[in-house]
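Trainee:
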Amino acid sequence: MSAHKHWDFSNVDLILAALKSTVASNPQLALIESEKVIFDKNAILDPRRKVVVISGGGAGHEPLHAGFVGDNLLSAAVAGNMFASPSTKQILSAIVTIADLTKSHGLPAKQFLIVVKNYTGDVLHFGLALERAKSLGHVAEMVIVEDDVSVGKANGGLVGRRALAGTALAHKVAGGLAAQGEDLKTVVAAVEKFIGSLVTIGASLDHCSLPGRKLTKEEEEEEEKTNKLPLDQCEIGMGIHNETGVKRIKIPHISKLVEELLQYLLSQDDADRSYVKFNDSDKSVLLINNLGGTSNVELFAIAEIVLEQLSSIYKIIPVRTYIGNFVTSINGNGFSITLTNLDVAGDEENFILDQLDKPSNCIGWNSGIQWPSKTQAIPSTLKHPTTDVSSTTTAVKSHLKISSSITSNILKSAITRVRQLEPKVTNYDIIAGDGDCGETLLAGANAISKALDDPTSTLATHLDDPVAVIFELANLLEDSMGGTSGGLYSIFMSSLAKSLKQESQSQSSLTIATFAAALSGALESLFKYTRARAGDKTLIDTLQPFVEALSNTSDLQEARNVAIRSAKATKKLDAKFGRASYVSKDELKKSYATGGAKSGAAEDLEAEDDEEGVPDPGAIGLAAIIDGGVKGFF
């Protein structure tokens, strides 16, 4: 049986309940219940403040992010589901509500800084919210935190470093600078330079377990075999979402473990992981972070061992030391060590250190709550956003026309194809990812199907306008899919609607050439938010060849064939993005079993797989959509 147990939270919205109690602990905070947004009433109504700092991400890392909303820290935080990015709608609700409240109190418009962890889903959803906020006239920028040294430069490649406990320090610097009235440009420059001075490494005795997840006896036994560490082993470099670490070793004496972890952080001999250079004369800050399941007495003992070895081996004496729960992994039985070199951050005048020293009344920082005698006249609970952001994303209409029956056939055929291939896509993702890719695609297909069946829906009433249809599809996919793929699909479809409207200004009916040009424009826009390209084993391996083939040939059937061939060819590629990028090729081959090959055309998605490898589930899922859509067109 699993070593982890959780309390029974059935029929309880665990995340919302935690947010409500966070607000109850500090009268300075307010909550938008429907969007799971916490914000600081004093911060957003401070007339001296130019910048509002917003962060967020999946739940499970508490006190990150909601626990850092307060004085000299975050102005607002947006909570997603467990280990899942919040939706663009949630994030945009935070921005719009804060802007509305600022305006209603007669204050100048605020600028917005989004601080996001370097995980694909977070970058995509916060990026899309940022672009939509800009389109509504708000001034906003985004910085991305990455501090993990366990993923070396060669393996990290285009993905970059993961974000770990250094995120908390980045929040503190951003929040302090914003609180003292700095402008957006100044805050962004300082925070980006500070992030470049961060290094973090973690170790854990076991993977965390998700509360509320019900497993059968067979599933529990399988999880024990595949995910749980043996009792005599620990894992170095494990991510905060149970991502595979660098290596598993027999549990050493804690002094030996700390010595090895510090080598990852400080050794200049390993060029692959030498991200920040530390000299003994540099000002450094140390953070010892609990992943959630380490006792306080052990954590503080670990901190003392780290401090001793920093001094004796590296002649480094941190000017500040923080110890506690900052960025957890639910109940992860481990810890992480973060160091920042303030000299690398350009802190000659203690500009950065002053921000770390500022007191905060949030529950996640080393400071007690300061109960004010008077709070701003904003209710502690807002049932809904002050503005329904759905109204800002209503259908964009155009004069371009297409037969409603053709549009309906295309969508229904694509939906059918997704439903047919969902089990195969899910199986691929169980092997190479977290198993939700097929279900996510199916959720999007079902949402579109439901809208088609509702004659009053925006989609059903605009089937003759391809621009309106595509824009509404972006909204439906964003609301229903979630995850990384949901963000990618929504950004691409939003960009496609905009691009198609621009490309067709002098036309009244849609042509293949116009559609191909619009696809190229949308792909270019998507590339602003993902580093993935063809060859990286993602859904881009289907999308990019399809777009390029259609642009070159104006032949839908040929482009469809290219997309399917490209999707199936991903089985020969090494994953460079997503959870599969942290799993070795050998491990994938061990996990993959097939009943043998079946002859069939390369363009046949139903053909069984051979033993060469696992295709990317996202690429296969998109190929199914294209396959069904093209068949529906003809």
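Okay, so the sequence shown: first residue is -19 according to the working numbering, each after it adds one. From the three backbone atoms N, C-alpha and C, an ideal C-beta is built for every residue, glycine too. Predicted model, so just to flag it, every value in this text is computed and none were measured.
Give me, in chain order, the residues of the same chain whose beta-carbon lies closer than 8 Å to that of L336; leave out the 5 immediate sequence neighbours on both sides.
Mentor: As a first step, residue 336 is located in the sequence shown; it is residue number 356 there, counting from the start. For L336, where only same-chain residues beyond five positions count, the Cβ hits under 8 Å are L149, K152, V153, G156, V265, R300.
Trainee: Are there 16 or more other CB atoms within 10 angstroms of the CB of H187, so buried, or fewer, so exposed?
Mentor: For this step, residue 187 is matched to residue 207 along the sequence shown. Result: buried.
Trainee: Does DSSP put C417 in a helix, in a strand, or in coil?
Mentor: Taking the first residue of the sequence shown as 1, we reach residue 417 at position 437. It is helical.
Trainee: Check whether the region 374 to 384 touches the region 13 to 30, taking contact to mean three or more Cβ pairs, one atom from each stretch, closer than 8 Å.
Mentor: No, the region 374 to 384 is not in contact with the region 13 to 30.
Trainee: Could you tell me the alpha carbon to alpha carbon distance between S500 and S486, rounded to whole angstroms?
Mentor: By 1-based counting over the sequence shown, the position of residue 500 is 520. By 1-based counting over the sequence shown, the position of residue 486 is 506. Each residue's alpha carbon lies about 19 Å from the other.
Trainee: State the Cα-Cα distance for the pair H(-14) and G117, rounded to the nearest angstrom.
Mentor: Here residue -14 is taken as the residue at index 6 of the sequence shown, counted from 1. Here residue 117 is taken as the residue at index 137 of the sequence shown, counted from 1. When rounded, the distance between both Cα atoms is 45 Å.
Trainee: Once the 5 residues before and after G47 are set aside, which same chain residues still bring their CB inside 7 Å of it?
Mentor: Position 67 of the sequence shown holds residue 47. Contacts found: T2, C342, I343, G344.
Trainee: Which residue's Cα is closest to the Cα of L480: F495, G467, G466?
Mentor: One-based indexing of the sequence shown puts residue 480 at position 500. Closest by alpha carbon: F495.
Trainee: In whole angstroms, give me the CA-to-CA distance for Y294 and G304.
Mentor: As a position in the sequence shown, residue 294 is number 314, starting the count at 1. As a position in the sequence shown, residue 304 is number 324, starting the count at 1. Going by the C-alpha atoms only, they are around 23 Å apart.
Trainee: Restricting to runs no shorter than 4 residues, where is the alpha helix (DSSP H) found entirely within the region 113 to 162?
Mentor: For the region 113 to 162, whole alpha helix (DSSP H) runs of length 4 or above, ordered along the chain, are 133 to 136, 146 to 159.
Trainee: Do L333 and T308 have their C-beta atoms closer together than 8 Å?
Mentor: For the purposes of this step, residue 333 is identified with residue 353 of the sequence shown, where counting begins at 1. For the purposes of this step, residue 308 is identified with residue 328 of the sequence shown, where counting begins at 1. No, the Cβ-Cβ distance between L333 and T308 is not below 8 Å.
Trainee: Measuring only the C-alpha atoms, how far is F19 from S189?
Mentor: Counting from one through the sequence shown, the residue named residue 19 turns up at place 39. Counting from one through the sequence shown, the residue named residue 189 turns up at place 209. Distance between the alpha carbons of F19 and S189 is about 29 Å.
Trainee: Can you look up T331 in the DSSP assignment and give me helix, strand or coil?
Mentor: In the sequence shown, counting from the first residue as 1, residue 331 sits at position 351. Contrary to the premise, residue 331 reads as Phe rather than Thr in this sequence. Reduced to three states, the DSSP call for F331 is helix.
Trainee: Checking the sheet assignment: what are the DSSP bridge partners for V33?
Mentor: Locating residue 33 in the sequence shown gives position 53, counting from the first residue. L93.
Trainee: Taking only three categories from DSSP, how would you classify E583?
Mentor: Translated into positions along the sequence shown, residue 583 becomes position 603. The answer is coil: DSSP assigns E583 none of H, G, I, E or B.
Trainee: Is it buried or exposed, N330, if we count other Cβ atoms within 10 angstroms and call 16 or more buried?
Mentor: Counting from one through the sequence shown, the residue named residue 330 turns up at place 350. Its Cβ having fewer than 16 others within 10 Å, N330 is exposed.
Trainee: Which value, in whole angstroms, describes the spacing of the CA atoms of N455 and T518?
Mentor: One-based indexing of the sequence shown puts residue 455 at position 475. One-based indexing of the sequence shown puts residue 518 at position 538. Roughly 22 Å separates the two Cα atoms.
Trainee: Return the CA-CA distance between A477 and E15, expressed in angstroms with no decimal places.
Mentor: As a working note, residue 477 is residue 497 in the sequence shown. As a working note, residue 15 is residue 35 in the sequence shown. Approximately 26 Å between the Cα atoms of the pair.
Trainee: What residues in its chain sit with their C-beta under 6 Å from that of K688, if we drop five residues either side in the sequence?
Mentor: Absent from the structure is residue 688, since the part of the chain shown begins at -19 and ends at 614.
Trainee: With 16 other CB atoms within 10 Å as the buried threshold, where does A599 fall?
Mentor: By 1-based counting over the sequence shown, the position of residue 599 is 619. Its Cβ being crowded by 16 or more others within 10 Å, A599 is buried.
Trainee: Output the distance between the C-alpha atoms of N426 and P191, rounded to the nearest integer angstrom.
Mentor: Taking the sequence shown and counting its residues from 1, one reaches residue 426 at position 446. Taking the sequence shown and counting its residues from 1, one reaches residue 191 at position 211. Straight-line Cα distance between these residues: approximately 27 Å.
Trainee: Residues in the same chain with beta-carbon distance under 6 Å from L530, minus the five sequence neighbours each way, listed in chain order, please.
Mentor: For the purposes of this step, residue 530 is identified with residue 550 of the sequence shown, where counting begins at 1. Only A496, A539 meet the Cβ criterion.
Trainee: Identify which residue in E42, E239, P232 has its Cα closest to the Cα of C214.
Mentor: As a first step, residue 214 is located in the sequence shown; it is residue number 234 there, counting from the start. The option with the nearest alpha carbon to C214 is P232.
Trainee: Can you look up F(-11) in the DSSP assignment and give me helix, strand or coil?
Mentor: Taking the sequence shown and counting its residues from 1, one reaches residue -11 at position 9. It is coil, neither helix nor strand.
Trainee: From V449, I94, Y408, pick the residue whose C-alpha is nearest to that of E172; which is it?
Mentor: In the sequence shown, residue 172 corresponds to position 192, counting from 1. Comparing Cα-Cα distances from E172 to each of V449, I94, Y408, the minimum goes to I94.
Trainee: CB Q289 to CB L245, shorter than 8 Å?
Mentor: Here residue 289 is taken as the residue at index 309 of the sequence shown, counted from 1. Here residue 245 is taken as the residue at index 265 of the sequence shown, counted from 1. Going by C-beta atoms, Q289 is not nearer than 8 Å to L245.
Trainee: Can you give me the start and stop residues for the beta strand (DSSP E) that S643 sits inside?
Mentor: Nothing in the structure corresponds to residue 643, since the chain is present only between -19 and 614.
Trainee: For Y302, list the residues DSSP reports as bridge partners.
Mentor: Your numbering for residue 302 matches position 322 in the sequence shown. DSSP lists L267 as partners of Y302.
Trainee: Who are the near neighbours of T147 in its chain, counting only those whose CB is closer than 7 Å to its CB and skipping five residues on each side?
Mentor: Against the sequence shown, residue 147 aligns to sequence position 167. The answer, listed in chain order, is L44, K97, V125, V307.
Trainee: What's the gap between the Cα of S340 and the Cα of L53?
Mentor: Along the sequence shown, read from residue 1 onward, the residue named residue 340 stands at position 360. Along the sequence shown, read from residue 1 onward, the residue named residue 53 stands at position 73. Roughly 7 Å between the two C-alpha positions.
Trainee: Is it buried or exposed, A577, if we count other Cβ atoms within 10 angstroms and call 16 or more buried?
Mentor: Within the sequence shown, numbered from 1, the residue matching residue 577 stands at position 597. With a pLDDT of 37 at A577, under the threshold of 50, the modelled position of that residue is not reliable, and the figure given next carries that caveat. By the 10 Å Cβ count, A577 comes out exposed.
Trainee: By DSSP's criteria, I229 is part of a beta bridge. Which residues make up the other side?
Mentor: Mapped onto the sequence shown, residue 229 falls at position 249. Bridge partners of I229: C214.
Trainee: Could you give the residue range of the alpha helix (DSSP H) that holds M473?
Mentor: On the sequence shown, residue 473 is found 493 positions in, with the first residue counted as 1. Note, M473: alpha helix (DSSP H), 463 to 483.
Trainee: May I ask which residues mark the beginning and end of the alpha helix (DSSP H) holding D521?
Mentor: The count along the sequence shown starts at 1 and reaches residue 521 at position 541. Counting along the chain, the alpha helix (DSSP H) containing D521 begins and ends at 520 to 533.
Trainee: In terms of residue numbering, what span does the alpha helix (DSSP H) encompassing L453 cover?
Mentor: Counting from 1 along the sequence shown, the entry for residue 453 is found at position 473. From DSSP, the alpha helix (DSSP H) with L453 extends over 446 to 460.
Trainee: Please tell me whether T510 and L104 are closer than 8 Å, where the distance is taken between their beta carbons.
Mentor: Reading the sequence shown from its first residue, position 530 is the one you call residue 510. Reading the sequence shown from its first residue, position 124 is the one you call residue 104. The answer is yes: Cβ separation under 8 Å.
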